[in-house]
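A.B. asks: Let me give you the structure first, and then I'll get to my questions.
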């Protein structure tokens with residue numbers, strides 16, 4: 325087992341513990357944290373006479389040498405801008421990439437003086453976008469606070485939706501695998517599976533949102549890799565767990581290969597991004613379950629979906645659009661994401677669903 329002290333992407337006023345069992349299996353509320361909470365709340369914690377041992381070992385070099393296996397040897401041929409968000413990636417990043425990238429906020433500071441360490445918030449990627457443009461970089465990279473998540477900016481300074489990077493990673497694994505299984509979360513664009521199946525034979529497994537669900541499922545199905553809209557990427561070679569640094573190295577390998585072919589990152593993404601997408605929309609309402617049922621029943625009454633998933637909220641898929649509506653696992657929100665074949669249809673469906681939710 326292991327415990328990591330981390331508040332992930334949260335601000336300086338937060339702290340927390342990330343607990344894992346043997347084989348790096350995450351411990352979530354459904355498989356252990358609930359028991360721990362009960363013991364603590366009800367003073368059931370037992371003490372033992374025999375104390376455990378503290379074993380110190382050289383972690384930095386062991387971890388660094390593992391990560392270097394995935395980094396392209398000619399990465400210095402790329403013009404890279406990189407934001408550490410004053411977080412833990414700063415411990416390793418220069419040992420991996422050297423001094424050639426243009427670094428932002430690469431000193432450790434838990435006060436996060438420059439921006440919160442959550443790259444999913446638009447205001448937190450303003451600086452890295454500007455840095456990419458200023459330096460004419462091929463790619464921008466930004467980590468969250470504990471570096472388990474990573475997100476990317478193209479050479480035009482545009483933020484890339486993290487789910488689309490799952491599709492891009494497929495090029496890297498083509499070197500050794502002609503057929504593989506990939507895991508994605510229930511919010512992932514249809515374009516990801518369609519693109520992967522254009523470049524190789526891929527089995528796409530859609531599952532619940534969150535590391536405590538994705539990592540065990542990838543192990544269960546013996547998947548090769550996978551990812552989430554939140555910027556977590558999981559790898560069989562990383563004990564079926566997530567690594568922001570490994571994801572960065574794999575993406576850099578793809579970008580440098582395509583650059584040699586005269587293809588930029590934005591051009592690569594344009595081949596994947598086939599749909600209009602709302603991004604994740606948040607609603608603060610009390611009756612989340614009732615609102616979700618009302619939305620589901622409304623669309624079922626109009627037309628039975630071609631595909632229906634109900635393991636993390638609801639995902640209803642139709643011929644030219646789909647949506648997922650789900651309660652947040654960690655925050656007081658009802659979350660909605662809609663994708664459609666064009667912007668007009670997207671706007672129409674978002675407004676239709678909003679109209680139902682607002683009654684709650």
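In the numbering used here, the protein residues as written are 325 to 684.
No residue lacks a Cβ here, since even glycine has one placed at the ideal position from N, Cα and C.
#1: In terms of residues, what are the limits of the alpha helix (DSSP H) holding residue 455?
#2: Roughly how many angstroms lie between the CA atoms of residue 374 and residue 476, to the nearest whole one?
#3: By the three-class DSSP mapping on this structure, what secondary structure does residue 471 have?
#4: Distance, Cα to Cα, residue 406 vs residue 485?
#5: How far does the beta strand (DSSP E) with residue 509 in it extend, from its first residue to its last?
#6: Roughly how many angstroms lie between the CA atoms of residue 721 and residue 507, to the nearest whole one?
#7: Give me the residue from 494, 414, 478, 558 with the minimum Cα distance to residue 436.
#8: Can you name the start and end residues of the beta strand (DSSP E) that residue 326 belongs to?
#9: Can you tell me which of the three DSSP states residue 439 falls into?
#10: Helix, strand or coil: how does DSSP classify residue 669 here?
#11: Return helix, strand or coil for residue 594, following the three-state DSSP convention.
#12: Return the CA-CA distance between residue 396 and residue 430, expressed in angstroms with no decimal places.
#13: Can you name, in chain order, every residue of its own chain whose Cβ lies under 8 angstroms from the Cβ of residue 663, other than the five neighbours on each side?
#14: Please report the distance separating the alpha-carbon of residue 549 from that of residue 357.
#15: Since residue 495 contacts residue 578 with CB under 8 angstroms, what's their CB separation in whole angstroms?
#16: How many Å lie between residue 442 and residue 626 at the Cα?
#17: Which residues in the same chain have their Cβ closer than 7 angstroms to the Cβ of residue 411, if we skip the five residues on either side of it in sequence?
#18: What is the C-beta distance between residue 540 and residue 349, in whole angstroms, given that I count them as a contact (C-beta under 8 angstroms)?
#19: Just to confirm, is the Cβ distance from residue 345 to residue 367 under 7 angstroms?
#20: Whose C-beta lies closer than 6 angstroms to the C-beta of residue 596 among residues of the same chain, with five residues either side of it excluded?
#21: Can you tell me the Cα-Cα spacing of residue 569 and residue 633, whole angstroms?
#22: Who pairs with residue 606 in a beta bridge, going by DSSP?
C.D. replies: According to the structure shown:
#1: As a first step, residue 455 must be located in the chain shown, where it is residue number 131. Its alpha helix (DSSP H) spans residues 450-459.
#2: Walking along the chain shown from the start, residue 374 turns up at place 50. Walking along the chain shown from the start, residue 476 turns up at place 152. Rounded to whole angstroms, residue 374 to residue 476 spans 48 angstroms at the Cα level.
#3: Walking along the chain shown from the start, residue 471 turns up at place 147. Coil, per DSSP.
#4: Here residue 406 is taken as the residue at index 82 of the chain shown, counted from 1. Here residue 485 is taken as the residue at index 161 of the chain shown, counted from 1. If I take the Cα positions, the gap works out to 17 angstroms.
#5: Mapped onto the chain shown, residue 509 falls at position 185. Note, residue 509: beta strand (DSSP E), 503-509.
#6: Beyond the ends of the chain as shown, which are 325 and 684, falls residue 721; an answer cannot be given.
#7: Locating residue 436 in the chain shown gives position 112, counting from the first residue. Measuring from the Cα of residue 436, the nearest candidate turns out to be 414.
#8: Along the chain shown, read from residue 1 onward, the residue named residue 326 stands at position 2. Start and end: 326-329.
#9: Working through the chain shown from its first residue, we reach residue 439 at position 115. Residue 439 falls in the coil class under three-state DSSP.
#10: Residue 669 sits at position 345 when you count from the first residue of the chain shown. Helix.
#11: Position 270 of the chain shown holds residue 594. Of the three classes helix, strand and coil, the one that applies to residue 594 here is helix, per DSSP.
#12: As a working mapping, residue 396 is identified with position 72 in the chain shown. As a working mapping, residue 430 is identified with position 106 in the chain shown. Roughly 22 angstroms separates the two Cα atoms.
#13: Indexing the chain shown from 1 puts residue 663 at position 339. Closer than 8 angstroms at Cβ, skipping near neighbours: 513, 514, 599, 600, 601, 602, 645, 646, 647, 670.
#14: For this step, residue 549 is matched to residue 225 along the chain shown. For this step, residue 357 is matched to residue 33 along the chain shown. C-alpha separation (whole angstroms): 26 angstroms.
#15: The residue you call residue 495 lines up with position 171 of the chain shown. The residue you call residue 578 lines up with position 254 of the chain shown. Yes, residue 495 and residue 578 are in contact; Cβ-Cβ is about 5 angstroms, under 8 angstroms.
#16: Start at 1 with the first residue of the chain shown, and residue 442 comes out as number 118. Start at 1 with the first residue of the chain shown, and residue 626 comes out as number 302. Distance between the alpha carbons of residue 442 and residue 626: 39 angstroms.
#17: As a first step, residue 411 is located in the chain shown; it is residue number 87 there, counting from the start. Excluding sequence neighbours, residue 411 sits near 441, 467, 468, 469, 470, 471.
#18: By one-based count along the chain shown, residue 540 stands at place 216. By one-based count along the chain shown, residue 349 stands at place 25. About 6 angstroms separates the two Cβ atoms, so the contact holds.
#19: Sequence index remark: in the chain shown, residue 345 carries index 21 (1-based). Sequence index remark: in the chain shown, residue 367 carries index 43 (1-based). No, the Cβ-Cβ distance between residue 345 and residue 367 is not below 7 angstroms.
#20: Counting from 1 along the chain shown, the entry for residue 596 is found at position 272. Closer than 6 angstroms at the Cβ level, and outside the excluded window around residue 596, lie 488, 491, 515, 519.
#21: One-based indexing of the chain shown puts residue 569 at position 245. One-based indexing of the chain shown puts residue 633 at position 309. The alpha-carbon atoms of residue 569 and residue 633 are separated by roughly 32 angstroms.
#22: Working through the chain shown from its first residue, we reach residue 606 at position 282. In DSSP, residue 606 forms a bridge with 659.
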